[in-house]
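Single-structure report; data block below.
In UniProt numbering, the protein residues as written are 1 to 277.
Structure representation (structure tokens):
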């Protein structure tokens, strides 16, 4: 070994465990929109003394800060540096987000953009942070069940039959669920038929009963790249009233994003989208 070369120390199991725990703490802070060490310990199942040490380390790195009045810790702007090299979301920032913000400011309820990944729907972007009526934070990156979400139902309803059958077979293999798929609000074929009638996927509660949602597909040519979802509180508004107020606006926004995809993305960028979807 040359003298100029540094000896590489093996990575210990304790270092890997500390890294895993540090990431878990960051994820908890993001989802909880700030939290006390005891709250983080409960969510992550990490002992409170370890949580406190991790928070101090993350603070030294500039990734979190403490509000000394409330004793809550929150992520800082430097957390965004962790995703600065991730290009899969470029089209979201350039094309979808401006339309999402415009819709969100109009309706005030939060708006999510979700895409299929593995066997679930994953939130790629959200306006929860600017919505005065949001009850959830840290939605970006969250994965949700395909069959129970408005976005998953929109994607299934409007994709070609052969692709839908292949996707449902994949879900069966991964999750162990068996057909016929019956949800709390009905059989899946009935739900998908209703989705086609409405033009939007829908969820009337189910796995998050405090909210309901509708979702419209975003297209590039004949392929659904993602779905745009509007979420509201079930205590504030009925499903029928929400459809009346928001379905048209949601569909127009999804159509505007679809048109911009064709007008503004290059063929190379579209190829990357197809490869990453």
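Note that CB positions come from ideal geometry on N, CA and C, so glycine has one too.
By Cβ distance, which residues of its chain are closer than 8 Å to residue 182, with the 5 residues on each side in sequence left out?
Position 182 of the chain shown, counted from the first residue, corresponds to residue 182. The residues are 188.
Could you check whether residue 208 and residue 100 sit closer than 9 Å to each other, using their CB atoms as the reference points?
For this step, residue 100 is matched to residue 100 along the chain shown. For this step, residue 208 is matched to residue 208 along the chain shown. The answer is no: Cβ separation not under 9 Å.
Beta-carbon proximity list for residue 158, same chain, < 6 Å, skipping 5 on both sides
On the chain shown, position 158 is the one that residue 158 refers to. Result list for residue 158: 217, in chain order.
Report all residues from its chain with a CB closer than 7 Å to the CB of residue 109; omit the five preceding and five following residues, and keep chain order.
Here residue 109 corresponds to residue number 109 of the chain shown, with the count starting at 1. So the list reads 131, 133, 230, 231, 232, once near-sequence residues are dropped.
For the beta strand (DSSP E) holding residue 64, just list the boundary residues, first then last.
Here residue 64 refers to the residue found at position 64 of the chain shown. In the DSSP annotation of this structure, the continuous segment of the beta strand (DSSP E) that includes residue 64 starts and ends at 64 to 67.
Can you round the beta-carbon distance between residue 107 and residue 246 to whole angstroms, since I take them to be within the 8 Å contact cut?
For this step, residue 107 is matched to residue 107 along the chain shown. For this step, residue 246 is matched to residue 246 along the chain shown. Right, their Cβ atoms sit about 6 Å apart.
Quick check: what's the CA-CA separation for residue 290 versus residue 113?
Nothing about residue 290 can be reported from this structure: the residues present for the chain run from 1 to 277 only.
Say whether the segment 136 to 155 touches the segment 55 to 72, bearing in mind that this needs 3 or more beta-carbon pairs closer than 8 Å, one atom from each stretch.
Contact between the segment 136 to 155 and the segment 55 to 72 is absent, because fewer than three Cβ pairs lie under 8 Å.
With H, G and I counted as helix, E and B as strand and the rest as coil, what does DSSP make of residue 211?
Residue numbering aside, residue 211 sits at position 211 when the chain shown is read from its first letter. Residue 211 falls in the strand class under three-state DSSP.
Do residue 142 and residue 111 have their C-beta atoms closer together than 9 Å?
For the purposes of this step, residue 142 is taken as residue 142 along the chain shown, with counting starting at 1. For the purposes of this step, residue 111 is taken as residue 111 along the chain shown, with counting starting at 1. In this structure, residue 111 does not lie closer than 9 Å to residue 142 by Cβ.
What would DSSP say about residue 308, mapped onto helix, strand or coil?
Shown here, the chain extends from 1 to 277; a query on residue 308 therefore has no answer.
Could you give the first and the last residue of the continuous beta strand (DSSP E) run that contains residue 74?
Residue 74 sits at position 74 when you count from the first residue of the chain shown. Unbroken beta strand (DSSP E) run through residue 74: 72 to 75.
Consult DSSP for residue 24 and reduce its assignment to one of helix, strand or coil.
Taking the chain shown and counting its residues from 1, the one referred to as residue 24 is at position 24. Here residue 24 carries a helix assignment [DSSP, helix/strand/coil].
Could you tell me which of 249, 95, 61 sits nearest to residue 220, measuring between CA atoms?
Start at 1 with the first residue of the chain shown, and residue 220 comes out as number 220. Measuring from the Cα of residue 220, the nearest candidate turns out to be 95.
Using 10 angstroms around the beta-carbon of residue 115, count the other beta-carbons present and answer buried if the total reaches 16, otherwise exposed.
Reading the chain shown from its first residue, position 115 is the one you call residue 115. So residue 115 counts as buried.
Are residue 225 and residue 198 close, meaning C-beta to C-beta below 9 Å?
In the chain shown, counting from the first residue as 1, residue 225 sits at position 225. In the chain shown, counting from the first residue as 1, residue 198 sits at position 198. No, Cβ-Cβ distance for residue 225 and residue 198 is not below 9 Å.
In terms of residue numbering, what span does the beta strand (DSSP E) encompassing residue 195 cover?
Counting from 1 along the chain shown, the entry for residue 195 is found at position 195. For residue 195, no beta strand (DSSP E) run applies; the uninterrupted alpha helix (DSSP H) run containing it begins and ends at 188 to 198, by DSSP.
Using only the alpha-carbon positions, how far apart do residue 36 and residue 75 sit?
For this step, residue 36 is matched to residue 36 along the chain shown. For this step, residue 75 is matched to residue 75 along the chain shown. Residue 36 and residue 75: Cα-Cα distance of roughly 12 Å.
In the structure shown, what three-state DSSP assignment does residue 49 receive?
Your numbering for residue 49 matches position 49 in the chain shown. Three-state result, residue 49: helix.
Less than 9 Å between the beta carbons of residue 258 and residue 212, yes or no?
Taking the first residue of the chain shown as position 1, residue 258 is located at position 258. Taking the first residue of the chain shown as position 1, residue 212 is located at position 212. Not a contact, by the Cβ cut-off of 9 Å.
Go to residue 224, then tell me how far its beta strand (DSSP E) extends in each direction, as first and last residue.
Here residue 224 corresponds to residue number 224 of the chain shown, with the count starting at 1. Per DSSP, the unbroken beta strand (DSSP E) holding residue 224 starts and ends at 223 to 233.
Residues of its chain near residue 205, where Cβ-Cβ distance is below 7 Å and the 5 sequence neighbours each way are ignored
As a first step, residue 205 is located in the chain shown; it is residue number 205 there, counting from the start. Taken in chain order, the residues that qualify are 212, 234.
Cα-Cα, which of 53, 171, 98, 160 is closest to residue 117?
Locating residue 117 in the chain shown gives position 117, where the first residue counts as 1. If we check each option's Cα against that of residue 117, 171 comes out closest.
For the candidate residues 30, 120, 128, 214, whose alpha-carbon lies nearest to that of residue 293?
Since the displayed the chain opens at 1 and closes at 277, residue 293 lies outside it and no answer follows.
Please list, in chain order, all residues of the same chain as residue 104 whose beta carbon is under 8 Å from its beta carbon, the five residues on each side excluded.
To locate residue 104, count along the chain shown from 1; it is residue 104. In its chain, beyond the 5 residues on either side, 110, 111, 127, 130, 131 have a beta carbon closer than 8 Å to the beta carbon of residue 104.
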